[in-house]
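Undergrad: In this text, residue positions in the sequence shown follow the working numbering: the first is 1, and each later residue adds one. Yeah, the Cβ is synthetic: ideal placement off N, Cα and C, and Gly gets one too. Got a structure for you, written out below as structure tokens; questions coming shortly.
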Amino acid sequence: MVFYDLTSSYFEGEGPEGLAQYGYSRDQREGNRQILLGVVMANGWPIAHHVFRGNRHDSETVLPIVADLEKRFGLRRIVFVGDRGMVSTANLGFLWSQGHGFLVGLRRRRSPEVLEYVRKAQSGSWQPCSPEEKDRVCEVEGALPGQRIFVVESAERLAYEQAMRERDVTKTREELGKLAKRIEKGELRNREEIGSSVARILSLHRGHRYFRWSLRAGKLQVSEEPVETEKLLEGKYVILTEEKDLPA
Numbered sequence: 001m002v003f004y005d006l007t008s009s010y011f012e013g014e015g016p017e018g019l020a021q022y023g024y025s026r027d028q029r030e031g032n033r034q035i036l037l038g039v040v041m042a043n044g045w046p047i048a049h050h051v052f053r054g055n056r057h058d059s060e061t062v063l064p065i066v067a068d069l070e071k072r073f074g075l076r077r078i079v080f081v082g083d084r085g086m087v088s089t090a091n092l093g094f095l096w097s098q099g100h101g102f103l104v105g106l107r108r109r110r111s112p113e114v115l116e117y118v119r120k121a122q123s124g125s126w127q128p129c130s131p132e133e134k135d136r137v138c139e140v141e142g143a144l145p146g147q148r149i150f151v152v153e154s155a156e157r158l159a160y161e162q163a164m165r166e167r168d169v170t171k172t173r174e175e176l177g178k179l180a181k182r183i184e185k186g187e188l189r190n191r192e193e194i195g196s197s198v199a200r201i202l203s204l205h206r207g208h209r210y211f212r213w214s215l216r217a218g219k220l221q222v223s224e225e226p227v228e229t230e231k232l233l234e235g236k237y238v239i240l241t242e243e244k245d246l247p248a
């Protein structure tokens, strides 16, 4: 079993030619060039590292990493462990075709399948991850034969995401309320300007996760229906594998 993760490192200057590029910055330094650094761990020890161009997507680094492990260490079969940024149909297909296994995180949002897994887990059999921890895990049936899905709930992550939701919903609700009053008073009538104002408010506090809106008869209509879906997902990690002997 090998664990793979990526981080980025930015430069104040130009950086190394060919490697330093503008890309998604984990340091919130989008104006700086960066490189990506991938580290492979096995049995708690780092066994390999790789440097990639700063503009590569995480998922694009998986195939060269696996190919290097096969060549350098002569590994015939590995179980690749990576987060949701590593997941793509092509990557999973490649691992499967090479006889390798995988244990990967799935993206929670914008995925009806993942939402259904979480809903199944609500009435499933949960087990503590360890005797001392409040974290728990529930295995549910996968969408395809041979797939195993684990829904993990982290108590720490749950508390954090609940607090963030309450803060973001409150701030967004207040701003949308102010905008609705301006529209009712006739201070804002142009539909494009109204749409731009709503989009700006929603982008400030992740409001797209919690609110739906429409403009009817000159009034701003707001729904908080998506909040219930977010509550289901809070604190959850959804993991996919095909390893039959892996215990929960």
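1. Taking the alpha-carbon positions, what's the Pro16 to Tyr22 distance?
2. Just to confirm my understanding: we take Lys181, look at its own chain, exclude 5 residues before and 5 after, and list those with CB closer than 7 Å. What are they?
3. Please classify Ala20 as buried or exposed, where buried requires at least 16 other C-beta atoms within 10 Å of its C-beta.
4. Output yes if chain D places a C-beta closer than 9 Å to the C-beta of Tyr160; else output no.
5. Quick check on the burial criterion: 16 or more other C-beta atoms within 10 angstroms. Buried or exposed for Tyr160?
6. Taking the C-alpha atoms as reference points, what is the distance between Arg189 and Ala217?
7. Spell out the partners DSSP gives Gln98 in its beta bridges.
8. What are the partner residues of Cys138, as DSSP defines its beta bridges?
9. Give me, in chain order, the residues of the same chain whose beta-carbon lies closer than 7 Å to that of Val222; leave out the 5 immediate sequence neighbours on both sides.
10. Grouping DSSP H, G and I as helix and E and B as strand, with all else coil, what is Gln127?
11. Tell me whether the beta-carbon of Val87 lies closer than 9 Å to the beta-carbon of Lys120.
12. Just reading off the alpha helix (DSSP H) that Ala48 is part of, what are its end residues?
13. State the Cα-Cα distance for the pair Val114 and Thr89, rounded to the nearest angstrom.
14. So is Arg77 buried or exposed if we call it buried at 16+ other beta carbons inside 10 Å?
15. The alpha helix (DSSP H) that contains Phe73, what's its start and end?
16. How is Met1 classed by DSSP in three states: helix, strand or coil?
TA: According to the data block:
1. 12 Å
2. none
3. buried
4. The structure shown contains no chain D, having only a single protein chain.
5. exposed
6. 11 Å
7. DSSP output for Gln98 lists no bridge partner at all.
8. Val151
9. Leu176, Phe211, Trp213
10. strand
11. no
12. Note, Ala48: premise wrong, no alpha helix (DSSP H); beta strand (DSSP E) at 45-53.
13. 15 Å
14. exposed
15. 62-73
16. coil
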